[in-house]
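Written out below as structure tokens is the structure these notes cover.
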Amino acid sequence: MLKEFKDFAVRGNVVDMAVGIIIGAAFTTIINTLVNEVVMPPIGVLLGGVDFSDFYLLLKEGSKAAPYESLAAAKSAGAVTLSYGIFVNACISFLIVTFVMFLSVKGINRLRAKEDAAPDPAVRECPFCCSPVSVKAKRCPMCTSELK
Numbered sequence: 001m002l003k004e005f006k007d008f009a010v011r012g013n014v015v016d017m018a019v020g021i022i023i024g025a026a027f028t029t030i031i032n033t034l035v036n037e038v039v040m041p042p043i044g045v046l047l048g049g050v051d052f053s054d055f056y057l058l059l060k061e062g063s064k065a066a067p068y069e070s071l072a073a074a075k076s077a078g079a080v081t082l083s084y085g086i087f088v089n090a091c092i093s094f095l096i097v098t099f100v101m102f103l104s105v106k107g108i109n110r111l112r113a114k115e116d117a118a119p120d121p122a123v124r125e126c127p128f129c130c131s132p133v134s135v136k137a138k139r140c141p142m143c144t145s146e147l148k
């Protein structure tokens, strides 16, 4: 049983998946930093100095009476909040990650298509029935048409 587990654990797919998860976690950290520190501040400036991470809806006041200066102040006072600004940041992070992944997959598929598209020079297409025919053939084996 231990040998079977070892074979499973070191099999290529499991190791590849583990590497992918680790790289994905590191990539998520990079994207979150990009969104929170690079993308959102200019958007906040364009909207009049707004910081999306401080957007919240007060559900219940804490020990100190409202209004609170920021989300952190509300939480430290024990207030119950609906922090939709953090959700907006998370949605923007998600959109950036999915767009980058889309571009990556599209590029990889384009490279694969070039590799797969290399035609076999020993085969051509029959102009009558479109089946593959040897370049040396004088007749199509499928439709028996005479080939030039």
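Residue 1 is where the sequence shown starts when you use the UniProt record's numbering, and the numbers rise one by one after that.
In this text, a Cβ means the ideal position worked out from N, Cα and C, and glycines have one as well.
Please report the Cβ distance between residue i and residue j, rounded to the nearest whole angstrom; I am assuming they are in contact, meaning their Cβ atoms lie under 8 Å.
| i | j | result |
| --- | --- | --- |
| Leu71 | Ser83 | 6 Å |
| Ile30 | Ser93 | Between Ser93 and Ile30 the Cβ distance is about 10 Å, and since that is not below 8 Å, they are no contact. |
| Cys126 | Leu147 | 7 Å |
| Ala65 | Leu58 | Not really, about 11 Å apart at Cβ, beyond 8 Å. |
Provide the residue span of the beta strand (DSSP E) that contains residue i, from first to last.
| i | result |
| --- | --- |
| Val80 | Val80 to Leu82 |
| Val123 | Val123 to Glu125 |
| Val135 | Taken as a continuous stretch (DSSP letters only), Val135 belongs to no beta strand (DSSP E), as it is neither H nor E. |
| Asn34 | Checking the displayed sequence, the identity of residue 34 turns out to be Leu instead of Asn. No beta strand (DSSP E) contains Leu34, which DSSP labels as neither H nor E. |
| Lys60 | Leu57 to Lys60 |
Going by other Cβ atoms of all chains shown within 10 Å of its Cβ, with 16 needed for buried, is residue i buried or exposed?
| i | result |
| --- | --- |
| Cys140 | buried |
| Phe102 | exposed |
| Phe5 | exposed |
| Phe52 | buried |
| residue 171 | Residue 171 cannot be examined here, being either before or after the span of the chain that is shown, 1 to 148. |
| Gly107 | exposed |
| Gly48 | exposed |
| Val133 | buried |
| Val35 | buried |
| Gly24 | exposed |
Along the chain, where does the alpha helix (DSSP H) that runs through residue i open and close?
| i | result |
| --- | --- |
| Phe76 | In the sequence as presented, Phe is not what sits at residue 76; that position holds Ser. From DSSP, the alpha helix (DSSP H) with Ser76 extends over Leu71 to Ser76. |
| Lys6 | Leu2 to Ala9 |
| Pro41 | Met40 to Leu46 |
Nearer than 6 Å: is that true of the beta carbon of residue i relative to any heavy atom of the ligand HEM?
| i | result |
| --- | --- |
| Ser53 | No copy of the ligand HEM appears in this structure; indeed no ligand is present at all. |
_Taking 8 Å as the cut-off, does the stretch 32 to 51 touch the stretch 13 to 23 (at least 3 CB pairs, one atom from each stretch)?_
no
_Does the stretch 75 to 82 come into contact with the stretch 98 to 112, if we say contact requires no fewer than three beta-carbon pairs (one atom in each stretch) closer than 8 Å?_
no
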